[in-house]
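If you're matching them up, the sequences are chains B and V in order.
Mapping the first sequence onto my numbering, position 169 (from 1) lands on 169, and the numbers just tick up by one.
If you want my numbering, it's the 1-based position in the second sequence plus 1000.
Written out below as structure tokens is the structure these notes cover.
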Amino acid sequence: MFQRLTTLKESPSQTAGPYVHIGATPNWVEITGVWKEDLGLVIVGPDTRGERIVVKGRIFDGSGNPIKDALVEIWQADAAGLYNSPEETRGQADPNFVGWGRQPTDAATGEYRFETIKPGRVPYRDGRPMAPHITFWIVARGINIGLHTRMYFGDEETANAECPILARVEHKFRVPTLIASRSEENGMPTYTFDIHLQGEKETVFFDI
Amino acid sequence: MSDQGSYYQRDRSWHPAALTPQYKTSVLRSPQYPLLSLDNTISEMTGPRFGHEKIGPLDNDLIRNFAKTGDPIGQRIIVYGRVLDENARPVPGTLVEFWQANAGGRYRHKKETYLAAIDPNFGGCGRTITDEEGRYWFRTIKPGAYPWPNGVNDWRPAHIHFSLFGHAFAQRLITQMYFEGDPMIWQCPIVSTISDKAAIDQLTAVLDRNATLPMDALAYKFDIVLRGRRSTMFENRMEGN
């Protein structure tokens, strides 16, 4: 007999289902009194360093309909480009910024919305700087395994042009699916990042 | 963590595919382009960590954490297990979230219209943080099977949803736990999005009579495996840290 590899297999994914909010944002679906506040709804506090921004958008299915039962999570560096994680070894991230957020898409409009800060640049594996980005993870009914993508910033053209990740997108016409457009909303810089799960405008998703 | 490298690549033939037409909602919600493969960067090898200060004393007790007038009705059970990585190392200090229907298969959710009754003493959500050995446990009511509008007469097996963070965003996982011996596992279009029977078995909790509390609650054991990390031996490239 050959020797055997002894690694375990990862637990297989299953869809989060239509009622993911019961576990992820119970107060949002009126299961109140179990825990005080839903995790990840508020990302920034008065002492968080960096430029305040709004990130919002909708998630469309292959027919162009916005999905109203998705759960969106983001993970990002602080304004100096450091992650608030024990695995971060380059320095101490802003203690007033967790860097992780979670929002349901609106049951009526399908819009998700985060109030956060614009992240600094972080290095690629070889040390070259990646463009500022926010990592997205999307789960919903009908999605069997969570989808990873990244949001880049439309007003970071120079950084985007030299980002080693964006350079990996073979079909260049798909790069804009990762770039959010900037506008102003009530005096706040607002980035709109629509995600298309399928079809002509399909967003680039990553196997990370 | 400078001695540790990227997470092992996900085995996407072990996981369910995106497009699984027998689960109808997946048809319009599955990407058609291939995923773009990336070596992990620090953006994926880091992730949020949640402290015990976020967790209340009843957060892992679904029998008590929503109770208004008494205990919920149904089969009292304990669910316990370990969170490990593919190298069989424990994953300590990580948040585990779970949610489920009540004993009759009814979810407490505003979009849910199934005619089985809401239990006034059951919310259906819980969470806990694994201990230093990667162990977790919670107490709940065994959920009922549940009909859903997929096929004309499709029913979900009894199941509890699980959400895991691990130590890195690359390990983020949502899955479902099924119960040993449930004949409905093998007729479910969501279970069968997984093609390998061994992978389905990995999601099936086993009855553990040794952990049962006599005259109180049955126990089910459910271990969860997250992605493991490469060691960086023989590698001279930067790992982003």
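Positions of the beta carbon are idealized from the N, C-alpha and C atoms, including for glycine.
For Glu157 of chain B, the enclosing alpha helix (DSSP H) begins and ends at 157-161. Contact note: Arg1230 of chain V does not reach chain B at a C-beta cutoff of 9 Å; the least C-beta distance is about 11 Å. When V:Arg1139, V:Gln1100, V:Trp1137, V:Leu1035 are compared, the shortest CA-CA separation from Ala1145 of chain V is found for V:Gln1100. Annotated as distal: Glu202 of chain B and Pro1021 of chain V, with beta-carbon spacing of 8 Å or more.
Within the same chain, Cβ atoms closer than 7 Å to the Cβ of Glu184 of chain B are found at Thr190, the five residues on either side in sequence being excluded.
Ranked by how close their Cα comes to the Cα of Ala131 of chain B, the residues B:Arg121, B:Ile138, B:Leu178 have B:Arg121 in first place. Look at the stretch 113-127 of chain B: the residues with a C-beta under 9 Å from a C-beta of chain V are Val122, Pro123, Tyr124, Arg125, Asp126, Gly127. Cα atoms of Leu1115 of chain V and Ala70 of chain B: separation of roughly 24 Å, rounded to the nearest angstrom.
Chain V places no beta carbon closer than 8 Å to that of Ser183 of chain B, leaving this residue out of the contacts.
When DSSP states are grouped into helix, strand and coil, Ala107 of chain B belongs to the coil group.
For Met1045 of chain V, the uninterrupted alpha helix (DSSP H) segment begins and ends at 1042-1045. When the five nearest sequence neighbours on each side are left out, the beta carbons in the same chain lying within less than 6 Å of the beta carbon of Tyr1136 of chain V are those of Val1096, Thr1128, Thr1130, in order along the chain.
In terms of Cβ geometry, Leu1164 of chain V and Leu1218 of chain V do not form a close pair [threshold 8 Å]. Between Ala79 of chain B and Gly50 of chain B the beta-carbon gap is near 3 Å, inside 8 Å, which marks them as a contact.
The C-alpha of Phe1098 of chain V lies about 39 Å from the C-alpha of His171 of chain B.
If you draw a straight line from the Cα of Thr149 of chain B to the Cα of Lys36 of chain B, it is about 30 Å long.
Leaving aside the five residues that flank Ile1174 of chain V on each side, the residues in its chain whose CB is nearer than 6 Å to its CB run, in chain order, Ser1163.
Closer than 8 Å to the CB of Ala1211 of chain V there is not a single CB belonging to chain B.
Note that the stretch 1182-1201 of chain V touches the stretch 1152-1171 of chain V; at least 3 beta-carbon pairs, one per stretch, sit closer than 8 Å. Contact between Ile134 of chain B and Met151 of chain B is confirmed by a C-beta separation of about 5 Å, below the 8 Å threshold.
Selection B:Asp155, B:Asp126, B:Leu147 evaluated against Ile195 of chain B yields B:Leu147 as nearest (Cα-Cα). The Cβ atoms of Val72 of chain B and Thr109 of chain B do not sit closer than 8 Å to each other. Annotation note: the stretch 1078-1155 of chain V contains no uninterrupted alpha helix (DSSP H) run of length 4 or greater.
Within the same chain, and ignoring the five residues on either side of Phe1138 of chain V in sequence, the residues whose Cβ sits closer than 8 Å to its Cβ are Asn1060, Asp1061, Leu1062, Ile1078, Val1079, Tyr1080, Phe1098, Gly1126, Thr1128.
Within the stretch 147-193 of chain B, complete beta strand (DSSP E) segments of at least 3 residues are found at 147-153, 179-185, 188-192, given in chain order. Ala159 of chain B sits away from Val55 of chain B, with the two beta carbons spaced by 8 Å or more.
Residue environment analysis places Phe173 of chain B among the exposed positions, since fewer than 16 neighbouring C-beta atoms fall within 10 angstroms of its C-beta. The bridge partners DSSP lists for Gln1176 of chain V are V:His1161. Annotation for Glu88 of chain B: Leu82 place their beta carbon closer than 8 Å to its own, counting only its chain and skipping 5 residues before and after. At the C-beta level, Gln1171 of chain V and Gly1051 of chain V stay beyond 8 Å of one another. In the three-state DSSP reduction, Pro1183 of chain V falls in the helix class (H, G or I). The Cβ atoms of Ser13 of chain B and His1015 of chain V lie closer than 8 Å to each other.
Where Ile53 of chain B is concerned, the enclosing beta strand (DSSP E) starts and stops at 52-60. According to DSSP, residue pairing for Asp1061 of chain V in a beta bridge involves V:Arg1139.
Close to Glu156 of chain B, with beta-carbon spacing below 7 Å, lies no residue of chain V; the smallest spacing is near 15 Å.
With at least 16 other beta carbons inside 10 angstroms of its own, Lys118 of chain B counts as buried.
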